[in-house]
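Each remark here refers to the structure printed beneath this line.
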Amino acid sequence: MTPGGAPHTLPAAVRLDSRALAAGDGVYPELRRRYGPVAPVLLEGEVPAWLVLGYREVRYVTAHPELFARDSRRWNAWDRVPRDWPLLPYVARSASVLTAEGAEHRRKAGAITDVLSGVDPFGLRTSAERAADAAIDRFAGAGRAELMAQYAGQVPQRVMAGLLGLRDDEALEIEEDVAATLGDDGPRAAAAHARIHGTVQVLLERGRRQPGADLASRLLAHPARLTHDEAVQDLIALLAAAVRPTADWIGNTLRLMLTDDRFAVSLSGGRRSAGQALAEVLWTDSPAQNVVGRWAVHDAPLGGRHIRRGDCLVLGLAAANADPQVCPYPRDGGPAAGPAAAGNQAHLSFSHGEHGCPAPAPELAEAIATAAVEVLLDRLPDLRLACPPEALTWRPSLWSRGPATLPVAFTALV
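One point on numbering: in numbering that gives the first Met the number 0, the residue at position 54 of the sequence shown is 53, and numbering is uninterrupted.
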C-alpha cells in the first residue's frame, strides 16, 4: 500500500469492537501492524472514521485545529449516521465548549479554567479524604467490598457534588444518573441524560438567586458572560469529564497495585507506591481510551494516509500512549519501567492542545485520585483481591477503560 492512498484503496476498514478491547491489549498493536499510525475503522452503525494510533500523529492533530477541527458540521458522512446513533450526543453541534472553535472556544475554556483555578487544592484534598472515609465506613465492617461501585465511583462523585453545591438528595440522584449514562447506551441512558440536564438547570437557577462559592455560581458570574445554555452544557461536560475518568483512574491504579508484584512490598504502606502506580496507569491503562472526534478542514496527509475534507478522526489516546517509540512502560516490564519512568508526564491521557483538559483539571483529578488510593490503603492495610487476578475483566467500552468489578477482602473493622 502506497503512503497517502485514499481510503478506498486500503484494505477493508475494521469495525471497532468494545468486547475485543476489553478482552485483551492486542487490538491496537494489530491495527498498528496492519495500517501504521492511522487506521480506517467503522464505528457503531458502520459509520466510517479514521483511528489515529500514532503518538506523533495524535499530537499533530490536536496541535493543529486549523486542519482538524471540532465542529462536526463539516462531516462528510452525516448521511450515514442513524438518527438514534449512540454517539450522537458526543458529536452533535451544541453550546458546549467541547464543540466550540477559535475565539468562542477560548472564551468558554478560559471561563472554565478560571473557575477551576479558584478551587483550593488543600481543601479539595480534605474533601476527597472525607469522601473516601465515608465510602469506606459503609463497607468496612463487612470484610469484603466491590471497589468500583462502592468506592472508586463514589469518591470523585461526592467531591464534585460538593464543588457544584448539590444538596444531598440531588447528589444521590445525579450519582445514579451518571452511572446510568456510563453503563448503557439505550433508553435508560437517554432518560438519565435528561434528568442530569434538569438537575444542572435547577443548580444554575439557584446560583442566580443565591450566588455562592460553588462552581455553578462562579461560572455564571465570570466575565465571559456565558449564556444559560452554554453554562448548562459546560457544567454537564465538566461533570462527565471529572467523575468517570477519575473513578477509572482510581480503579485502574488499585487493580495494578493488587495484581502486580512490584507494588506488593509497599502495599501495606500505600504512600510510597501510590504515586508511581497512578503515573503508570496513565500510560498503560489510560482511563480515556479514544475520543471522537475531529473533522478535517481540508484534504491533508496524516501518517501516510490521505485524509479527505470532512473525514472524521478518532483520537486513539491509549494507542498513542502505547506507541513503542515513546511508551516508557514496555509490556514486558523491562528496565524502562523502573522508578524513573514515573516522572515521564508526556502521556496523552488528558489529550493535548487547546481542546485538552483545561488546567488545572489534571492536577485536581490527581489530588482526588491520590487521596482515594492512599486513604483506602491506610485504613485497610491487608487489602487483597477476592478473586484470581485472571478473573478480573475490563468494562466493555471503546471510549473509557476501567475494571468491570474489583472485588476485595480485608480484615473487617469493628
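Ideal Cβ positions, reconstructed from N, Cα and C, are used throughout, including at glycine.
Predicted, not measured: the structure shown is a model, and the values here were computed from it.
Is the beta carbon of residue i within less than 6 Å of some heavy atom of the ligand FMN?
i: glycine 197; result: This structure lacks the ligand FMN, and indeed carries no ligand of any kind.
Using the rule of at least 16 other Cβ atoms within 10 Å of the residue's Cβ for burial, across every protein chain shown, is residue i buried or exposed?
i: leucine 219; result: buried
i: phenylalanine 409; result: buried
i: proline 310; result: Going by the sequence as given, residue 310 is aspartate instead of proline. Burial call: buried.
i: glycine 269; result: Residue placement at glycine 269 is poorly supported in this model, since its pLDDT is 43, which falls under 50; the coordinates still yield a value, given next. Counting Cβ neighbours within 10 Å, glycine 269 comes out buried, since at least 16 surround it.
i: glutamine 414; result: Absent from the structure is residue 414, since the part of the chain shown begins at 0 and ends at 413.
i: glutamine 232; result: buried
i: glutamine 288; result: buried
i: cysteine 326; result: buried
i: leucine 255; result: buried
i: proline 120; result: exposed
i: cysteine 356; result: buried
i: leucine 87; result: exposed
i: threonine 125; result: exposed
i: alanine 91; result: exposed
i: alanine 134; result: buried
i: aspartate 413; result: Looking at the sequence itself, residue 413 is valine, so the reference to aspartate does not match. Classification for valine 413: exposed.
i: histidine 354; result: buried
How about residue i and residue j: do their beta carbons lie closer than 7 Å?
i: glycine 315; j: leucine 50; result: yes
i: alanine 21; j: tryptophan 393; result: yes
i: phenylalanine 67; j: alanine 295; result: yes
i: alanine 215; j: leucine 163; result: yes
i: alanine 429; j: proline 47; result: There is simply no residue 429 to check, as the chain begins at 0 and stops at 413 in what is shown.
i: leucine 225; j: valine 407; result: no
i: alanine 127; j: alanine 370; result: yes
i: glycine 23; j: proline 36; result: no
i: glycine 44; j: tryptophan 74; result: no
i: proline 395; j: serine 17; result: yes
i: arginine 217; j: valine 114; result: yes
i: proline 252; j: valine 280; result: The residue you asked about is not proline; residue 252 is threonine in the sequence shown. For threonine 252 and valine 280, yes; Cβs fall inside 7 Å.
i: isoleucine 249; j: valine 199; result: no
On the DSSP bridge assignment, give the partners of residue i in chain order.
i: leucine 301; result: Arg304
i: serine 399; result: Ala287
i: cysteine 356; result: DSSP lists no partner for cysteine 356.
i: cysteine 311; result: Trp294
i: proline 406; result: Glu145
i: leucine 384; result: Val407
i: valine 433; result: This structure does not reach residue 433, given that the chain is present from 0 up to 413, and the question cannot be answered.
Closer than 8 Å is the cut-off here; do at least three beta carbon pairs connect the segment 238–258 with the segment 348–368?
yes
In chain order, what are the residue ranges of uninterrupted alpha helix (DSSP H) at least 4 long that sit wholly in the segment 222–298?
227–258, 270–283
Decide if the segment 398–412 is in contact with the segment 278–289; the criterion is three or more beta carbon pairs, one per stretch, under 8 Å apart.
yes
Between the segment 153–166 and the segment 345–361, do at least 3 Cβ pairs fall closer than 8 Å?
no
Where are the alpha helix (DSSP H) runs, 4 residues long or more, that stay fully inside the segment 29–65, in chain order?
54–62
List in chain order: all unbroken alpha helix (DSSP H) runs of 4+ residues lying wholly within the segment 66–133.
87–90, 101–116
Hey, which unbroken runs of the alpha helix (DSSP H) at 4 residues or more fall wholly within the segment 165–218?
167–182, 186–208
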